[in-house]
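Student: Mind having a look at this structure? Questions to follow.
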Amino acid sequence: MPLRLYFAPALAVLAATIAHAAETTWEPNIYPENQLFASFVVSTAMIDLPEDEQPSWGDRHLGDEQGVIGAELEHVPKGAKITVDVKKGPFIEGGRITVTAPKGGDWLVHPKVAYDFDALTKVHQPRPINITMEVSVNGVSLGERTETVILRSINDCLFSVDEGDDVVSDYGFLFAAYVNENHPWVDRILREALESGIVDSFDGYQSEDPDQVLRQMYAIWDVMQRRGMKYSSITETASESDTVLSQHVRLFDDAIRAKQANCVDGTVLLAAILRKIGLHPYLATVPGHMFLAVDLDEEGNETVGLETTMMGDTTSEADEESPVISDALVAEEKKRPSWSSFQNAVDYATAELEKDLKKFNSEDETDYQLTDIALARRHGILPITSPEDGKDID
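Here this note's numbering is used: the first residue of the sequence shown is 1047, the next is one more, and so on.
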């Protein structure tokens, strides 16, 4: 028997193995963990982060760096043309991209997807939706697939994703999207504050007087307390996950109608009003809690904290002297019913701010953050608005 016949079966097996290894396969990839956060999609639609702050998918990524709907391909030949086509469906207008693999191997490809932003802002309960996409390599379709994912409520703010291997992606900056300084109800609050007589005008930092800045903050606090705004501990979200962390945040309308706010709700609410009058607010995040920080001067040389969970507290007395607020301002306003809670809120939060200042300034302490609202706006983090903004609010 010729020798070549003995080699034929082995060569056939080897050829089949090589062909199988080279076969390109793919799976839909929806980040994070097959969940689509309406708040993330809406608030980052115009995002323009500096290069050193851009999200990184690694060196095996092609397409939209901020994409969350894409395809994960394996065994892609070098130079292959990959087309990912996301089909039109509920909340999604579709998206398509064709890219060339610069080298062989595995690739994650994200097209630029067009969304129905108006529909997404109306999602107030999590719900399953189907996302359909098709992948082609070198013009040959690898098939169409449909992935069922959870569409998260517009009130669910993504703030952290455990990527594994001790890598945690921080999305705490997304809380800035719930600061809606453009809400039409803000002007009503400011009018009521002027009617209180605490301030004659809202002039931001023009007076160059820290007492005047605090007076403006207090005038707004006084209106909110007189309107019956109280602390509420509601923070839970549906679709809980050990690796994808999020928190329920009321939109401006939600908080005003309910007359209650958790630590995040109250902080973003007051931050919106203070930003409207030209002040410079920050969202101060510590493990399990958030409070407000505000510059008392335009240069940011002096900053105070404000513990928003103390809003509505009419039982606690304030000290005769404040370590933060001038004696003259304390003496001027201390007879008002809302003053004690305001002074306590400033004194407490400012002490917390100073205590953890090193952690806020450390890149290693990711649980301690000061989110600068003005900076977030410059990078394109948009306020989340509601189709019902300003309607039917007393």
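Glycine residues also receive a C-beta, built at the ideal position from the N, C-alpha and C atoms. Small disclaimer: the values here were computed from a predicted structure and weren't measured.
Check whether the segment 1247 to 1256 and the segment 1309 to 1329 touch, using three or more Cβ-Cβ pairs below 8 Å as the test.
Tutor: Because the criterion of three Cβ pairs below 8 Å is met, the segment 1247 to 1256 and the segment 1309 to 1329 touch.
Student: Could you tell me whether the segment 1145 to 1152 touches the segment 1164 to 1171, using the rule of 3 or more Cβ pairs below 8 Å?
Tutor: Because the criterion of three Cβ pairs below 8 Å is not met, the segment 1145 to 1152 and the segment 1164 to 1171 do not touch.
Student: Would you give the residue range spanned by the beta strand (DSSP E) that S1215 belongs to?
Tutor: S1215 -> beta strand (DSSP E) spans V1213 to D1216.
Student: Given R1106, which residues of its chain have a CB within under 8 Å of its CB, disregarding the five upstream and five downstream residues?
Tutor: Excluding positions up to five away in sequence, the list reads G1151, D1152, W1153 and L1154.
Student: Tell me whether the segment 1293 to 1306 and the segment 1223 to 1234 touch, counting them as touching only if at least three CB pairs, one residue from each stretch, are closer than 8 Å.
Tutor: Result yes; three or more Cβ-Cβ pairs closer than 8 Å.
Student: Using only alpha-carbon positions, find the residue among V1169, A1391, K1134 and S1215 that is nearest to L1291.
Tutor: Selected option, being the one with the closest Cα: S1215.
Student: Report the option in E1238, A1422, M1263 and N1201 whose CA atom is closest to the CA atom of L1375.
Tutor: Minimum Cα distance to L1375 is reached at M1263.
Student: Determine the DSSP secondary structure at E1254, reduced to helix, strand or coil.
Tutor: Note: E1254 maps to coil in three-state DSSP.
Student: Pull up the distance between the alpha-carbon of V1159 and that of K1124, whole angstroms please.
Tutor: The straight-line gap from Cα to Cα measures roughly 26 Å.
Student: Drop a sphere of 10 angstroms on the beta-carbon of T1070, count the other beta-carbons inside from all chains shown, and report buried for 16 or more, exposed for fewer.
Tutor: Per the 10 Å Cβ criterion, buried.
Student: Where do the ends of the beta strand (DSSP E) carrying V1132 lie?
Tutor: From DSSP, the beta strand (DSSP E) with V1132 extends over K1127 to V1132.
Student: Spell out the partners DSSP gives R1234 in its beta bridges.
Tutor: Note: R1234 sits in no beta bridge, so no partner.
Student: By DSSP, does L1342 sit in helix, in strand, or in coil?
Tutor: In the structure shown, L1342 sits in coil (DSSP, three-state: anything other than H, G, I, E or B).
Student: Can you tell me the Cα-Cα spacing of L1082 and P1172, whole angstroms?
Tutor: Roughly 10 Å separates the two Cα atoms.
Student: On the CB-based measure, 16 or more other CB atoms within 10 Å of its CB, does N1347 come out buried or exposed?
Tutor: So N1347 ends up on the exposed side.
Student: Rounded to whole angstroms, how far is the Cβ of S1242 from the Cβ of A1265, which I believe are closer than 8 Å?
Tutor: Confirmed, about 6 Å.
Student: The alpha helix (DSSP H) spanning N1201 covers which residue range?
Tutor: Run containing N1201: none; DSSP gives neither H nor E here.
Student: Here's the rule I'm using: 16 or more other beta-carbon atoms within 10 Å means buried, otherwise exposed. How should P1157 be labelled?
Tutor: So P1157 counts as buried.
Student: Are the CB atoms of M1357 and Y1277 within a distance shorter than 8 Å?
Tutor: Against a cut-off of 8 Å, the Cβ pair of M1357 and Y1277 comes out as a contact.
Student: Quick check for students: name the residue ranges of the alpha helix (DSSP H) that lie wholly in the segment 1116 to 1174, counting only runs of 4 or more.
Tutor: Whole alpha helix (DSSP H) segments, 4+ residues: 1163 to 1167.
Student: Let's test the definition: count the other Cβ atoms within 10 Å of the Cβ of A1377 and tell me whether it reaches 16, buried, or not, exposed.
Tutor: Flag for A1377 reads exposed.
Student: Between which two residues does the alpha helix (DSSP H) carrying A1377 extend?
Tutor: Segment D1373 to E1379, the alpha helix (DSSP H) holding A1377.
Student: Along the chain, where does the alpha helix (DSSP H) containing Y1328 start, and where does it finish?
Tutor: Element bounds for Y1328: not the alpha helix (DSSP H) but the beta strand (DSSP E), P1327 to V1332.
Student: What do you get for D1202, buried or exposed, if any count of 16 or more other CB atoms within 10 angstroms of its CB means buried?
Tutor: Buried, since its Cβ has 16 or more Cβ neighbours within 10 Å.
Student: What residue from E1345, S1368 and L1316 has the CA that sits closest to T1354's CA?
Tutor: Nearest option by C-alpha distance: L1316.
Student: Alpha carbon to alpha carbon, how far is I1196 from E1174? Give it in angstroms, no decimals.
Tutor: A quick correction: the sequence has Pro, not Glu, at residue 1174. Distance between the alpha carbons of P1174 and I1196: 4 Å.
Student: Please tell me whether K1133 and T1178 are closer than 8 Å, where the distance is taken between their beta carbons.
Tutor: Yes, they are a contact pair.
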